[in-house]
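Protein chains in written order, with the working numbering: chain A, 1 to 345; chain B, 346 to 666; chain C, 667 to 973. Note sheet for the following structure.
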Amino acid sequence: MTPQITPDDILSVQNISKRFDVSEPFLNRLLERRPRRILTAVNDISFDVPRGKTFAVVGESGCGKSTVARLLMGLHSPSGGTIRFEGDDITHMPPGKPAALRRRMQMIFQDPYASLNPRWRVRDIIGEPLKNFGICKTRAEVTREVEKLLSQVGLNPADAKKFPHEFSGGQRQRLSIARALTTRPELLICDEPTSALDVSVQSQILNLMKDLQDEFNMSYIFISHDLAVVWYMADVLAVMYLGKIVEVGPKEEIFGNPQHPYTRLLMETVPKLTVGGAERAPVAGEVPNPISPPPGCAFHPRCPMANDTCRSVAPALNLREGGQKSACHAADEGRLKPWLRLAAE
Amino acid sequence: MSLLELDNIVVEFPTRRGPLEAVKGLSLDLDEGEILGLVGESGAGKSITGAAITGLIEPPGLIRSGEVRLRGARIDNLPADKMRRIRGKEIGAIFQDPLTSLNPVYTVGEQLIDTMRVHLGLDQKTARQRAIDWLAEVGIPAPEARLDQYPHQFSGGMRQRVVIALALCAEPKLIIADEPTTALDVSVQAQILSLLKRLCRENGTAVVLVTHDMGVIAETADRVAVMYAGRLVEIGDVKQVIEEPLHPYTRGLMASIPQIGIRDRRLTQIECAMPGLRNPAPGCAFAPRCPRAMDHCHSIRPAPQDAGTGQVACHLYGETS
Amino acid sequence: MSNFMPMLYAFWDSDITYSFRKSRVAVISALVLLAMFLTAIFAPSLAPQDPFNIAELDLFDSELPPAWAEGGSAAYLLGTDTQARDVLSSIMYGMRISLLVGFASVILAAVMGVALGLLGGFLGGIVDAVLMRIADVLLSFPPILVALLINGILRGALPSSAQAESALIVLILSIGLTNWVQYARTVRGSTMVERRKEYIEAARTLGTGKLAIMIKHILPNVLGPVLVIATINLGMAVLTEATLSFLGVGMPPTQPSLGTLIQIGNEFLFSGIWWVVVFPAAALAILVLAVNLLGDWLRDALNPKLR
Chain A
1 MTPQITPDDI LSVQNISKRF DVSEPFLNRL LERRPRRILT AVNDISFDVP RGKTFAVVGE
61 SGCGKSTVAR LLMGLHSPSG GTIRFEGDDI THMPPGKPAA LRRRMQMIFQ DPYASLNPRW
121 RVRDIIGEPL KNFGICKTRA EVTREVEKLL SQVGLNPADA KKFPHEFSGG QRQRLSIARA
181 LTTRPELLIC DEPTSALDVS VQSQILNLMK DLQDEFNMSY IFISHDLAVV WYMADVLAVM
241 YLGKIVEVGP KEEIFGNPQH PYTRLLMETV PKLTVGGAER APVAGEVPNP ISPPPGCAFH
301 PRCPMANDTC RSVAPALNLR EGGQKSACHA ADEGRLKPWL RLAAE
Chain B
346 MSLLELDNIV VEFPTRRGPL EAVKGLSLDL DEGEILGLVG ESGAGKSITG AAITGLIEPP
406 GLIRSGEVRL RGARIDNLPA DKMRRIRGKE IGAIFQDPLT SLNPVYTVGE QLIDTMRVHL
466 GLDQKTARQR AIDWLAEVGI PAPEARLDQY PHQFSGGMRQ RVVIALALCA EPKLIIADEP
526 TTALDVSVQA QILSLLKRLC RENGTAVVLV THDMGVIAET ADRVAVMYAG RLVEIGDVKQ
586 VIEEPLHPYT RGLMASIPQI GIRDRRLTQI ECAMPGLRNP APGCAFAPRC PRAMDHCHSI
646 RPAPQDAGTG QVACHLYGET S
Chain C
667 MSNFMPMLYA FWDSDITYSF RKSRVAVISA LVLLAMFLTA IFAPSLAPQD PFNIAELDLF
727 DSELPPAWAE GGSAAYLLGT DTQARDVLSS IMYGMRISLL VGFASVILAA VMGVALGLLG
787 GFLGGIVDAV LMRIADVLLS FPPILVALLI NGILRGALPS SAQAESALIV LILSIGLTNW
847 VQYARTVRGS TMVERRKEYI EAARTLGTGK LAIMIKHILP NVLGPVLVIA TINLGMAVLT
907 EATLSFLGVG MPPTQPSLGT LIQIGNEFLF SGIWWVVVFP AAALAILVLA VNLLGDWLRD
967 ALNPKLR
């Protein structure tokens with residue numbers, strides 16, 4: 001794939017991989033004669049994030065989407081590939097450095113109970129980046145800025161002296177968002193921000209995120225396993241399975257006519273709020289162990305259309321009619337049936 | 346006569362600063378073979394209700410008043426050993442986390458066989474064969490071989506299938522399923538729900554399905570009860586509650602669920618959050634957040650009244666409207 | 667200042683103070699300990715006599731039994747020893763030393779243990795492996811033996827003239843260097859758990875350095891069990907010091923701790939002068955018991971699962 005960083009892309013990821021060594025301790029391996037075990041969490045992924053839009057990454061557990069988020073923030077170092085932010089190479093930069101670049105990208109996490117230090121007051125939690133990046137020099141400035149941010153995310157500015165446990169889950173996510181907004185980032189990476197929240201709180205947070213995106217003109221990378229939320233938030237999305245992107249493209253095209261059997265499986269298994277419709281025909285099997293993925297196309301054991309090519313050759317991402325790309329031999333060979341739209345009209 | 350009746354139960358947790366009522370005056374009934382969904386958000390009291398039915402409320406919590414009746418006979422005040430016999434034989438349970446629902450030091454077979462021998466009085470050989478049949482029934486390939494494996498050797502979805510087999514093998518008439526698919530991947534959820542539904546229909550087992558996920562209810566349940574702040578706010582046929590909800594909370598809830606294909610710029614949101622258990626306000630617990638609250642909603646608590654296909658606890662309906 | 671009364675009330679009403687007020691054992695132990703601390707601190711003013719000032723001793727008053735026994739005198743409530751030293755005063759001064767050594771060694775052990783545990787837990791890898799192996803070795807010996815060993819080495823390194831004066835420091839060092847392992851292990855375990863939490867990842871992405879993360883983020887969250895360990899450890903430290911002194915390698919008779927007093931008095935036990943050993947021993951036992959009971963209460967009070 002030729003790297004094409006158009007001026008419209010804020011972030012460009014090329015051929016990123018991440019391998020973890022999950023072998024047993026040396027002595028065990030020696031005595032039991034076991035080989036090293038390598039977990040390939042992210043396997044040669046490339047995508048571009050358009051400026052000002054939301055790029056969603058969808059997949060189930062073990063697909064590598066959270067690892068991708070951490071690679072972008074520098075929390076893990078990639079085993080291969082490059083990451084460019086606004087043209088600058090940040091591939092092997094540690095988290096938080098270089099400050100000039102990193103302050104323009106921030107992250108919010110999934111677990112509202114573990115993402116805030118339980119022993120710190122809110123004003124210190126939100127104040128930390130303000131001090132680290134030198135945005136505020138005096139305590140008074142920090143206090144003012146913290147109060148302003150709290151209002152912006154819909155919380156009471158007087159709450160700055162409270163501790164995290166005095167807030168509900170939804171309010172804590174607002175605190176995480178406030179902390180991320182301190183540096184006025186241009187890119188916000190959201191790792192399943194509403195998965196741990198109740199539905200009625202989720203809608204508040206999603207609405208808030210959309211409002212903030214408009215107000216500050218931010219780009220989002222939104223990671224989720226919930227297709228309905230992705231439908232609501234995303235402009236472009238990528239579907240991941242076992243460390244690879246299996247389909248990527250504009251939201252309307254992918255939801256309208258998915259070009260990969262796994263995407264179709266996900267669409268079909270989203271619980272629908274209609275009663276008495278056709279029963280979903282569940283597809284058998286579960287996500288295989290990422291340490292020893294199946295050969296060829298990783299999805300073939302669960303795919304109703306798998307043939308010999310699928311079992312031996314890994315498919316490449318190819319452009320489809322609708323404008324999206326998918327990695328599927330069946331689609332290449334024209335064996336993919338037309339898609340009956342089951343989503344609510 | 347209904348299979349299960351909850352008659353105005355109040356579940357209380359004594360604390361240093363006074364008792365906390367987690368469930369306040371809940372009444373429900375369930376017929377044989379019916380799948381009832383119990384829906385609510387965190388803190389609504391739905392899991393505690395499930396625990397009240399099986400008698401598994403963690404002390405010092407207790408059922409302070411009201412009755413739980415199984416086929417007309419009270420079960421909430423039974424001594425521990427009698428309750429133990431009912432649990433498993435008459436009432437089965439499926440919990441959220443398949444990893445901790447199974448004992449890690451016993452094989453799957455041992456757990457199934459043990460349950461059947463205790464509750465059905467079968468001998469070892471018959472129980473073993475039945476266990477193999479059950480594993481096959483829940484869709485575990487090569488059941489004979491897997492019978493002697495330990496829970497950690499199964500994947501998450503497979504484990505939940507084993508838990509379902511374990512719950513059903515003593516042939517109970519009622520199953521309490523507390524968030525059975527929440528910990529599983531979306532693609533596995535569909536399989537598990539469809540399995541649960543099929544087996545319960547085939548065996549005539551009634552299910553109380555506790556969950557926060559309306560989509561799961563829409564697919565699986567016959568009737569649904571909506572809980573808010575420890576009380577029942579609406580109950581009715583699943584089609585009516587989902588498509589034409591009566592209570593403003595249910596309406597708000599349904600409208601705030603994102604759905605594929607809908608193109609609204611904003612999701613409907615319900616302002617603020619569910620009140621905590623301490624110092625409940627007089628009047629309707631939802632009134633502070635209700636877009637249609639009237640003056641007396643804040644002072645008089647609405648009792649459940651017949652409306653739609655079931656009941657609603659709201660001043661907008663019934664005689665007080 | 668307007669915040670003070672509500673804060674005080676909040677503290678009085680908080681779960682832990684309430685639990686304290688409810689537990690008679692805890693309250694009694696705390697009062698006993700408080701009495702002992704105060705006695706120790708104000709010993710020079712409170713004690714009827716300074717037993718180590720030869721000018722105050724009157725040899726005619728030696729070997730007097732306690733005041734309530736025949737032959738006793740009200741001036742010497744608990745009797746005197748063979749050198750006319752008042753037993754009560756000796757206990758007060760001895761308590762001073764015992765408590766001083768106890769506290770100092772606990773602080774030393776805690777600081778060292780927490781620091782090493784943090785480093786090992788956070789840095790992992792070879793640092794952690796080396797620290798844990800050292801800890802394992804230390805734990806496989808009985809603590810008294812280790813304390814004896816360190817004591818012997820330190821004393822051997824000092825010229826004999828300095829030994830008497832430096833006995834205090836040597837004791838504190840020996841006991842402190844023996845007991846750091848418990849703190850290190852607990853803190854290491856908690857550090858490893860906290861390190862993986864998302865608020866630490868967040869701190870890293872916000873540019874916070876490793877040292878700042880360890881001290882400002884992780885340390886406050888792992889200190890909980892340290893207080894409980896320290897309290898229980900205090901009892902052990904006092905006992906260890908008493909043992910070493912009893913064996914003759916601790917505090918010298920010129921600056922005796924409770925253990926030394928017991929050693930001195932022990933020789934006279936069979937000659938009928940029982941009060942010289944029994945009272946210091948009783949004082950030691952009560953001290954350690956009170957500390958242990960308070961530590962038990964604290965452990966249960968801070969355990970979230972038992973609330």
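Just so it is clear, CB atoms sit at the ideal spot from N, CA and C, and this is done for glycine as well.
When secondary structure is reduced to three states using DSSP, A:Asn289 falls in the coil class, being assigned neither helix nor strand. Under a criterion of Cβ atoms nearer than 7 Å, the residues of chain B adjacent to A:Phe255 are, in order, Ile605. Within the same chain, Cβ atoms closer than 8 Å to the Cβ of B:Leu467 are found at Met461, Arg475, the five residues on either side in sequence being excluded.
Put simply, the stretch 326 to 343 of chain A does not touch the stretch 352 to 363 of chain B. Fewer than three CB pairs are less than 8 Å apart.
Contacts with chain C at 8 Å (Cβ-Cβ) include A:Phe133. A direct Cα-to-Cα measurement between C:Ala709 and C:Pro717 gives close to 11 Å. The beta-carbon separation of A:Gly96 and C:Leu872, rounded to 6 Å, stays under the 8 Å limit for a contact.
Annotated three-state conformation of A:Phe55 is strand, per DSSP. Going by beta carbons, B:Thr550 and B:Pro517 fall inside the 8 Å limit. In this structure, the alpha-carbon of B:Ala481 lies about 10 Å from that of B:Leu492.
The C-alpha of C:Ala967 is placed about 14 Å away from the C-alpha of B:Arg361. Note on C:Ile792: under 16 other CB atoms within 10 angstroms of its CB, so exposed under the neighbour-count rule. Proximity of chain A to C:Asn887 at the Cβ level (cut-off 9 Å) is accounted for by Asn117, Pro118, Arg119, in chain order. Inclusion of C:Gly787 and C:Arg861 in the CB contact set at 8 Å is warranted, their separation being smaller than that value. Annotation: Cβ neighbours of A:Lys97 in chain C (cutoff 8 Å, chain order): Gly873.
When DSSP reads this structure, C:Ala813 sits in no beta bridge, so it has no partner. Counting of Cβ neighbours within 10 angstroms places B:Asp426 among the exposed residues, the total staying below 16.
In the assembly as shown, C:Trp734 is an exposed residue. Its beta-carbon has fewer than 16 other beta-carbons within 10 Å.
Taking a C-beta cut-off of 8 Å against chain C, the contacting residues of the stretch 66 to 89 of chain A are Arg70, Met73, Gly74, Leu75, listed in chain order. Remark: C-beta atoms of B:Gly606 and B:Val368 do not approach each other more closely than 8 Å. The count of Cβ pairs closer than 8 Å, one atom from the stretch 850 to 864 of chain C and one from the stretch 104 to 122 of chain A, reaches three, so the stretches are in contact. Residue environment analysis places C:Ala878 among the exposed positions, since fewer than 16 neighbouring C-beta atoms fall within 10 angstroms of its C-beta. Of all residues in the stretch 225 to 238 of chain A, only His225, Leu227, Ala228, Val229, Trp231, Tyr232 place a beta-carbon less than 7 Å from a beta-carbon of chain B. Nearest to B:Val483 by alpha-carbon distance, out of B:Arg473, B:Ala490, B:Ala510, is B:Ala510. Per the DSSP secondary-structure output, A:Gln14 pairs in a beta bridge with A:Thr82. Between the stretch 218 to 236 of chain A and the stretch 613 to 627 of chain B, the count of C-beta pairs closer than 8 Å stays below three; the two stretches do not touch. Taking 8 Å as the upper bound on Cβ-Cβ separation, chain A lies near residues Lys863, Glu864, Tyr865, Glu867, Ala868, Ala869, Arg870, Thr871, Leu872, Gly873, Thr874 of the stretch 855 to 880 of chain C.
Under the 8 Å criterion on CB atoms, A:Glu166 is classed as non-interfacial with respect to chain C. In the structure shown, B:Arg491 falls within a helical segment according to DSSP collapsed to helix, strand and coil.
As the crow flies, the alpha-carbon of A:Glu86 is around 20 Å from that of A:Asp235. DSSP links B:Gln650 through a beta bridge to B:Val657. With 16 or more neighbouring CB atoms inside 10 Å of its own CB, A:Cys310 falls in the buried class. When C:Leu900, C:Ser856, C:Asn887 are compared, the shortest CA-CA separation from C:Thr844 is found for C:Leu900. Residue pairing of B:Arg576 in beta bridges, as defined by DSSP: B:Tyr573. By the neighbour-count definition (other C-beta atoms within 10 Å, threshold 16), B:His641 is an exposed residue. Burial check for B:Met503: the Cβ neighbour count within 10 Å reaches 16 or more, so the residue is buried.
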